[in-house]
Amino acid sequence: MSGTSADGIDAALVQITGSGAETRVDLMEFDFVPFPSDLRDTILRSSEISTARVDEICRLDVILGEWFAKAALVLCVKAGEKPEMIDFIGSHGQTIHHLPELTTVHEFSTRSSLQLGDPSVIAERTGITTISDFRARDLAAGGQGAPLVPIVDYLLYASAELSRVLLNIGGIANLTHVPAGCALEEDIAFDTGPGNMLLDALVMEITNGALSFDRDGEIASRGTESAELLNILMANPYLTLEPPKSTGREMFGHKAISEILTWRGKISDEDLVATLTSFTVESIADAIDRHVTSRETAEEILVSGGGAKNPSLMRLLETRLKKHRIRDLEALGMLSEAKEAVAFAVLANETVSGKPGNVPGATGATHPVVLGVIAPGAGARFSVD
Numbered sequence: 001m002s003g004t005s006a007d008g009i010d011a012a013l014v015q016i017t018g019s020g021a022e023t024r025v026d027l028m029e030f031d032f033v034p035f036p037s038d039l040r041d042t043i044l045r046s047s048e049i050s051t052a053r054v055d056e057i058c059r060l061d062v063i064l065g066e067w068f069a070k071a072a073l074v075l076c077v078k079a080g081e082k083p084e085m086i087d088f089i090g091s092h093g094q095t096i097h098h099l100p101e102l103t104t105v106h107e108f109s110t111r112s113s114l115q116l117g118d119p120s121v122i123a124e125r126t127g128i129t130t131i132s133d134f135r136a137r138d139l140a141a142g143g144q145g146a147p148l149v150p151i152v153d154y155l156l157y158a159s160a161e162l163s164r165v166l167l168n169i170g171g172i173a174n175l176t177h178v179p180a181g182c183a184l185e186e187d188i189a190f191d192t193g194p195g196n197m198l199l200d201a202l203v204m205e206i207t208n209g210a211l212s213f214d215r216d217g218e219i220a221s222r223g224t225e226s227a228e229l230l231n232i233l234m235a236n237p238y239l240t241l242e243p244p245k246s247t248g249r250e251m252f253g254h255k256a257i258s259e260i261l262t263w264r265g266k267i268s269d270e271d272l273v274a275t276l277t278s279f280t281v282e283s284i285a286d287a288i289d290r291h292v293t294s295r296e297t298a299e300e301i302l303v304s305g306g307g308a309k310n311p312s313l314m315r316l317l318e319t320r321l322k323k324h325r326i327r328d329l330e331a332l333g334m335l336s337e338a339k340e341a342v343a344f345a346v347l348a349n350e351t352v353s354g355k356p357g358n359v360p361g362a363t364g365a366t367h368p369v370v371l372g373v374i375a376p377g378a379g380a381r382f383s384v385d
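One point on numbering: in the numbering used here, the residue at position 263 of the sequence shown is 263, and numbering is uninterrupted.
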């Protein structure tokens, strides 16, 4: 999969046994395939209404399919596995636009979300059956198409003794709360707001493209947050919405960073980076206070995603949420950056097993549904009873 940062592809080779509550996962290999800068520019340009072009989007669907296929084949080589030994690929694709709010268009009430990376191209190039377009069926069932990871968080990380929050800090930050001994439908899950998206965009701007992110939180560590700017950022109406809710570049993308950049000259660039780091942390902590611990305890917070590798961000998070034990997901044996790629392998396994992959309480769907569209690989055989 490629996340909202659009910096490249996370590819995981996963051995899965069972399905549903019997699911067991072993991460065999992981790889990150970076996008060239011109492709990332095209993705970001295609994600903004003011710069998107229909011809570029049409071609990008195929181009990204080629890149996802390449990533799968590179991963097979790295793992020493032949493609014909792989049962299936689960591909999230690249989100280009996400419209979770219910809107009436041409007499129909709609929500929509567009992910690119043609699965037919992936299946054709690799010979491997490919499951993709996971969000569409949840949307059709009245949901927002996100978040989809909660079922995986439940299947892999639920504990009879510990109430856990699974926090992923990618381009957008999202969490799943899995109370101790809970049933799947008791999960609470939603996007908290910006993760690394605004931070990365700011760092690229102030370094004229020399850096694409604040490595080790070094820039933030030299700055001091602006309380005035932080208060303005925290007034974003998304942050006080009740779940189910999801967001993306439409809320925390080009327009948001343009407004933040008007503060250059009022405060230093280092202070800007420190303030956006605090914004990510404070929006996460506020979401946990508002929607999790106001209802239920949470003894442990397990952090994954790129944000987990930012020491400045993690120090702030530990200070702000000092009542909770905060650990990197790797403490449980899962490579932090592989979590979401593994999640879509598990979702694909649920699909081929004929089992629902959404959690209606998290997405707002009216009922559980089997997710995804299947592009058959070479020699695939299907029968209808």
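The C-beta atom is built at its ideal place from N, Cα and C for all residues, glycine as well.
Mapping DSSP to helix, strand and coil, what is residue i?
i: Ala274; result: helix
i: Gly217; result: helix
i: Arg381; result: coil
i: Phe279; result: helix
i: Gly333; result: coil
i: Leu241; result: coil
i: Ala235; result: coil
i: Pro311; result: helix
i: Met251; result: helix
i: Pro150; result: helix
i: Phe134; result: helix
i: Thr95; result: strand
i: Val121; result: helix
i: Asp41; result: helix
i: Met1; result: coil
i: Glu101; result: strand
i: Ile86; result: coil
i: Ile128; result: coil
i: Thr176; result: strand
i: Arg320; result: helix
i: Arg327; result: strand
i: Leu230; result: helix
i: Leu211; result: coil
i: Ala160; result: coil
i: Ala183; result: coil
i: Ala21; result: helix
Skipping 5 residues on each side, what residues in its chain have a beta carbon closer than 7 Å to that of residue i?
i: Gln144; result: Pro100, Arg111, Pro244, Ser246, Thr363 and Gly364
i: Leu313; result: Gly217, Thr277, Thr280, Val281 and Gly307
i: Phe68; result: Ile9, Ser91, Gly117 and Ile122
i: His367; result: Ala141 and Pro360
i: Val292; result: Val165, His177, Ile188 and Ala298
i: Leu316; result: Thr277, Ser278 and Val281
i: Glu48; result: Gly253 and His254
Following the continuous beta strand (DSSP E) through residue i, name the residue where it begins and the one where it ends.
i: Ala69; result: Taken as a continuous stretch (DSSP letters only), Ala69 belongs to no beta strand (DSSP E), being part of the alpha helix (DSSP H) at Val54 to Ala79.
i: Ser112; result: Phe108 to Leu116
i: Ala375; result: Val373 to Ala375
i: Ala362; result: Looking at the DSSP string, Ala362 is not in any beta strand (DSSP E); the run it does join, the alpha helix (DSSP H), is Pro360 to Thr363.
i: Glu29; result: Arg24 to Pro34
i: Asp7; result: Looking at the DSSP string, Asp7 is not in any beta strand (DSSP E), and its letter there is neither H nor E.
i: Ile267; result: Ile267 -> no beta strand (DSSP E), and no H or E assigned at all.
i: Ser304; result: Glu300 to Ser304
i: Arg49; result: Looking at the sequence shown, residue 49 is not Arg but Ile. Premise fails: Ile49 is in no beta strand (DSSP E) and is neither H nor E.
i: Gly193; result: Ile188 to Pro194
For residue i, I'd like the list of residues in its chain whose CB is within less than 8 Å of its CB, leaving aside the five on either flank, ordered along the chain.
i: Val370; result: Arg137, Glu350, Thr351, Gly354, Lys355, Pro356 and Gly357
i: Ala21; result: Leu155
i: Val273; result: Leu199, Leu202, Val203, Ile206, Asp214, Ile219, Ala220 and Gly223
i: Phe35; result: Ser2, Ala6, Asp7, Gly8, Ile9, Ile43 and Trp67
Using a C-beta cutoff of 8 Å, does residue i count as contacting chain D?
i: Phe30; result: Looking for chain D here will not work: only one protein chain is present.
May I ask you to check if the CB of residue i is nearer than 7 Å to at least one heavy atom of the ligand NAP?
i: Thr240; result: In the structure on display, the ligand NAP does not appear, and there are no ligands present to speak of.
For the alpha helix (DSSP H) that contains residue i, what are its first and last residues?
i: Leu199; result: Met197 to Ile206
i: Asn168; result: Where Asn168 is concerned, there is no enclosing alpha helix (DSSP H), although the beta strand (DSSP E) it sits in stretches over Arg164 to Ile169.
i: Val341; result: Looking at the sequence provided, one finds Ala at residue 341 rather than Val. Run containing Ala341: Lys339 to Val352, per the alpha helix (DSSP H) assignment.
Considering only residues of the same chain and omitting the five flanking positions on each side of residue i, which have a CB-CB separation below 6 Å?
i: Val359; result: Pro150, Ile151 and Asp187
i: Ile16; result: Val25 and Asn349
i: Ile86; result: Ile128
i: Asn168; result: Asn174, Ser304 and Gly305
i: Arg222; result: Glu270
i: Gly3; result: Gly170 and Gly171
i: Gly18; result: Arg24
i: Ala52; result: Ser46
i: Ile374; result: Ile131
i: Cys76; result: Pro83
Meets three-Cβ-pair contact criterion under 8 Å: the region 117–132 and the region 214–223: no
Pairs of beta-carbons, one from the region 165–185 and one from the region 295–302, closer than 8 Å: are there three or more? yes
Is the region 332–349 touching the region 195–202, taking contact as three or more C-beta pairs under 8 Å? no
Whether or not the region 341–348 and the region 376–383 are in contact is what I'm after, with contact meaning three or more pairs of Cβ atoms, one per stretch, closer than 8 Å; do they touch? Touching, no, given that fewer than three Cβ pairs across the two stretches are closer than 8 Å.
Do the region 28–40 and the region 77–88 touch if we need at least three Cβ pairs shorter than 8 Å? At 8 Å Cβ cutoff, the stretches touch.
Is the region 223–230 close to the region 201–211, with three or more CB pairs under 8 Å? no
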